[in-house]
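Residue numbers (the numbering used here): 49 to 466. Even glycine gets a Cβ: it sits at the ideal position worked out from N, Cα and C. None of the values given here were measured: they were computed from a predicted structure. Here is the structure we will look at, set down as structure tokens.
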Amino acid sequence: RLRAELNLPGPLREWELVAHLRSMASCNASSVETPHFLGAGCYDHHVFCATKSLIRRGEFFTAYTPYQPELSQGTLQATFEFQTYVCLLAGMEVANASMYDGATALAEAVLMAQRIRPGRQRVVISGGVHPEYRAVVRTMTDPLGLELMEIEPDPSWQTDWKKLRDSITADTSCLVLQNPNFFGTIEDLEGLRGAQEAIHRVQGLFILVVVETTSLGLLRPPGELGADIFVGEGQPLGLPMAFGGPHLGLLATKEAFLRQMPGRLVGQSHDSRGRRGFVLTLATREQHIRRERATSNICTNQALCALAMTIQLALLGPAGLREVAVRSSQMTHRAIHELARVPGLEIGQKRVYNEFVVRTPMDPGELNRELLARGMVGGLDLGRLNPAWKGNWLLCFTEKNSLEHLQRLASALKEVLG
């Protein structure tokens, strides 16, 4: 038992404490002052000041989905509008009130597919799906003894469509694809159609993942591509990077599969006087009623983050979302053009959104350290995730990156690699 006094500094006055904390915070590399080229599932998009302000209102400042509709009509309506936005984005029929993040939403979608197609043991996942998402699926499905077939991408960082189709059997419950994929590649439309037809031929479910959800301002929604379940990450639509969290899981599906859907659902109803109201509906699927027989053990979800996404989309509108997507895409392709001229760098992708892979003669980790010393945050060293990807560097550009940022990056790379 410790009997001596703890070796702690003395108390500070409030203004002294504030100054000390500001001094500590100044050590952080904020994307406001520091050009940022790291994405890989967490993206630096602009968040409106109104979004930040409104979610701080006392009426909304909670993660809980309320049980008492008579006390919580505002929160319930906001969640209902969130579900509507997710359905519009995804081209699906019904969405839930949110999941924890994109990775756990995908795991829940795979478990949902197992309930819809019971007895099947195989899940086929493209290697273009985010590696961390695949890891969460492995963790959550391992107790079930499922066979996860993970198909490595081809050398051009696209899904290997032949291997993918050949892996689908009558024992396959679902097929999981991501578009744009983890490497930024916009997957081939014919390949997507062929994969969708192959899984539907054996009555399996097609799960389509969208991590960079601003891409839906330009690309076809999952519903139009034949998806049975849509999984997404809401962070790019109204949430800051915030050192990697909190994030916001999106899940939507067809009405035929509604009873097997995880999570809360808010529905529109009328009271005894005929007035419109919002209530939690189909709650018999949930753990607070069905306990171990529930579709999921999720209860408290990401309601505050869902509200942020709802406000952000309401402020953007369809034209604003498209503008964000167009600006991000234009900046990315400008970066490919500029960086391809840097001696030693190789870029093979053509059809990308926001991210692309660069083959570098220098170790990407060392390259990142050189950039950080010059006041920039570099991309992801893919070799950290897979030894076969060693020497490859994943760079990200959004609407917040400027031509000045790109010129600084190109100049620094010429200096370091020269």
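Residue i, DSSP secondary structure in three states
i      : result
Trp437 : helix
Met197 : strand
Val467 : This structure cannot speak to residue 467, because the chain is shown only from 49 to 466.
His68  : helix
Ala52  : coil
Asp429 : strand
His93  : coil
Thr99  : helix
Leu60  : coil
Thr220 : strand
Gln125 : helix
Leu330 : coil
Gln226 : strand
Leu451 : helix
Proximal residues to residue i (C-beta, below 6 Å), its chain only, five neighbours per side dropped
i      : result
His84  : Asp92, Val425
Gln131 : Ala143
Asn227 : Glu235
Phe230 : Gly176, His178
Asp319 : Gly325
Ala218 : Val250
Asn9   : Since the first residue of the chain shown is 49 and the last is 466, residue 9 is not available in this structure.
Leu137 : Leu264
Tyr181 : Ala151, Leu154
Own chain partners of residue i with C-beta closer than 8 Å, once the 5 adjacent residues on each side are dropped
i      : result
Ser204 : Thr233, Gly396, Gln397
Val390 : Ala458, Leu461, Lys462, Leu465
Leu363 : Phe96, Ala98, Thr99
Val119 : Reading off the sequence shown, one finds Leu at residue 119, where the question assumed Val. Same-chain partners within the cutoff: there are none.
Arg213 : Gly242, Ala243, Ala246
Lys438 : Leu430, Gly431
Asn402 : Gly87, Tyr91, Pro228, Gly232, Glu260, Thr262, Ser263, Ser376, Ser377, Thr380, Cys444, Phe445, Thr446
Cys135 : Glu141, Val142, Ala143, Ala300
Cβ-based neighbour list, residue i, same chain, cut-off 7 Å, excluding 5 preceding and 5 following
i      : result
Arg382 : Leu454
Gln316 : Phe128, Arg324, Phe326
Gln308 : Met160, Arg163, Ile164, Thr343
Pro409 : Gly392, Leu465
Trp209 : Gly239, Gly242, Ala243
Ala373 : Thr262, Ser263, Gly265, Leu266
Glu386 : Leu454, Ala458
Gly423 : Thr82
Gly286 : Val95, Thr99, Ala356, Met357, Ile359, Gln360
Arg456 : Pro83, Met424
Bridge partner(s) assigned by DSSP for residue i
i      : result
Thr233 : Val400
Leu324 : A quick correction: the sequence has Arg, not Leu, at residue 324. DSSP output for Arg324 lists His318 as bridge partner(s).
Leu442 : Val405, Leu428
Ranges of the beta strand (DSSP E) found wholly within the segment 346–422, counting only runs of at least 3 = 403–407
task = Can you check the segment 137–208 for any beta strand (DSSP E) of at least 3 residues that lies completely inside it and give the ranges in chain order?
result = 170–174, 195–199
ask   = Would the segment 411–431 and the segment 50–63 be scored as touching if the rule is three or more Cβ pairs under 8 Å?
value = no
ask   = Which residue spans inside the segment 235–307 form an unbroken alpha helix (DSSP H) run of at least 4?
value = 237–249
task = Count the CB pairs spanning the segment 136–156 and the segment 287–306 that are closer than 8 Å, and state whether there are at least three.
result = yes
ask   = Are at least three pairs of beta-carbons, each pair with one atom in the segment 271–281 and one in the segment 157–171, less than 8 Å apart?
value = yes
query = Taking three-plus beta-carbon pairs below 8 Å as touching, is the segment 205–223 in contact with the segment 253–273?
reply = yes
message = Taking 8 Å as the cut-off, does the segment 195–204 touch the segment 237–250 (at least 3 CB pairs, one atom from each stretch)?
response = no
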